[in-house]
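Working notes, beginning with the structure itself.
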Ligand code: PSU
Ligand code: MN
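Numbering (our numbering), first residue to last: 7 to 320.
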């Protein structure tokens, strides 16, 4: 096994990202598990590029995060982005527990919400856009399957812009867990937790903002108070791209049955369910997934720009 020194400079920040951070300009972190394990080739590459374009269109710099041959990279070039998308599931899925092993072994891996947050925070990036966060799985009372994303939100001060969480999870228990951990879950223009393909779940949120400036003020207050938790900014999918709740529920019930029958467990379960729902929906869920990620990237970039403006004016 090839080993590398855990030396300073281990984290590779792309020059454009490093320059933007040094200048106090807006940067948005983007995750790579969604590309390698969450969407099929070649839509995953198209989406990864589109999301970066959406961030730039709002005046922010995108930083897709992954571990490339043992090196944690903040900002991928197009060659790296292509390798990530094309090789897809051959890249490891790296959560917090897996990171040191990938670095020590020189492996390439995609970062989940948890590890993308962690590396973004190390690089000094405070806003991150993704599709949906992991959470408490249905049946967690037996399986103990609770995504490390939730624990990361409890300890790492990064704002995660997402479309809530998929109802492959137990959304009620996910909210309870986050409340216990002191993580603000904030509806963007909504009082309900969005459920990924579906604009609203039945779960009410205590916190709401209605503009990027309001979101930025909340982020600044959280930091000023010295609170270590991240923030979930829950942004509903555009109405034009949303899927009907009853259809999604039926697809997910089928996918969960299939997973149980095939004995899928552990870190394979989320990618399995995503692919199964995509197949069962005949591609409709993938189309919605691409649009919601793009919408989250736009909002994250607006919040990052508002934060950069606030920094500049003191
Ligand atoms: N939810 C989605 N799409 C995804 C994921 C979650 O709708 O691609 C990915 C994210 O990278 C998230 C991870 O961090 O799955 C959670 O995996 P696990 O449940 O194994 O923690
Ligand atoms: Mn899990």
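All C-beta atoms, glycine included, are put in the ideal place defined by N, C-alpha and C.
Since we're looking at a predicted model, the values are computed, not measured.
8 Å contact criterion, which residue i and residue j should meet: CB distance rounded
i           : j           : result
residue 176 : residue 143 : 7 Å
residue 174 : residue 279 : 5 Å
residue 66  : residue 227 : Contact flag wrong, Cβ pair sits at about 21 Å.
residue 324 : residue 248 : Here the chain has residues from 7 to 320 only, and residue 324 is not among them.
residue 205 : residue 30  : Between residue 30 and residue 205 the Cβ distance is about 35 Å, and since that is not below 8 Å, they are no contact.
residue 283 : residue 261 : 5 Å
residue 22  : residue 71  : At roughly 14 Å, the Cβ-Cβ gap does not stay under 8 Å, so residue 22 and residue 71 are not in contact.
Residue i beta carbon near ligand 2 (any heavy atom closer than 6 Å)
i           : result
residue 244 : no
residue 104 : no
residue 151 : yes
Candidates the options, of which the one nearest residue i by Cα
i           : options               : result
residue 214 : 15, 197 and 300       : 197
residue 207 : 272, 268 and 180      : 180
residue 189 : 201, 164 and 205      : 164
residue 43  : 203, 154, 297 and 97  : 97
residue 297 : 31, 54, 24 and 39     : 54
residue 235 : 249, 253, 277 and 161 : 161
residue 154 : 123, 128, 129 and 168 : 123
residue 80  : 113, 211, 121 and 269 : 121
residue 150 : 273, 89, 201 and 18   : 273
residue 17  : 119, 129 and 31       : 129
residue 302 : 71, 63 and 134        : 134
residue 89  : 39, 253 and 68        : 39
residue 183 : 195, 146 and 51       : 146
residue 300 : 241, 265 and 125      : 241
residue 64  : 32, 185 and 318       : 32
residue 102 : 116, 249, 258 and 15  : 116
residue 237 : 157, 258 and 26       : 157
residue 166 : 199, 319, 119 and 47  : 119
residue 62  : 35, 15, 225 and 169   : 35
residue 99  : 224, 194, 114 and 92  : 114
For residue i, the residue or residues it bridges with in DSSP
i           : result
residue 99  : 116
residue 134 : 35 and 166
residue 239 : 167 and 192
residue 213 : 192
residue 70  : 36
residue 78  : 73
residue 396 : Outside the displayed span of the chain (7 to 320) sits residue 396, for which this structure offers no information.
residue 43  : Beta-bridge pairing links residue 43 to no other residue.
residue 152 : 142
residue 175 : 143
Residue i CB to nearest heavy atom of ligand 1 below 6 Å
i           : result
residue 276 : yes
residue 119 : yes
residue 165 : no
residue 252 : no
residue 39  : yes
residue 197 : no
residue 301 : no
residue 44  : yes
residue 290 : no
residue 84  : no
residue 138 : yes
residue 263 : no
Below-7 Å beta-carbon distance, residue i vs any chain C residue
i          : result
residue 99 : Structure shown: chain C not included; a single protein chain is present.
Would the stretch 63-82 and the stretch 106-113 be scored as touching if the rule is three or more Cβ pairs under 8 Å? Contact holds between the stretch 63-82 and the stretch 106-113, because three or more Cβ pairs, one in each stretch, are under 8 Å apart.
At least three beta-carbon pairs within less than 8 Å, the stretch 303-320 to the stretch 216-225: Output reads yes: the stretch 216-225 touches the stretch 303-320.
Within 8 Å, do at least three Cβ pairs link the stretch 283-290 to the stretch 56-72? Judged by Cβ distances under 8 Å, the stretch 56-72 makes no contact with the stretch 283-290, as fewer than three pairs qualify.
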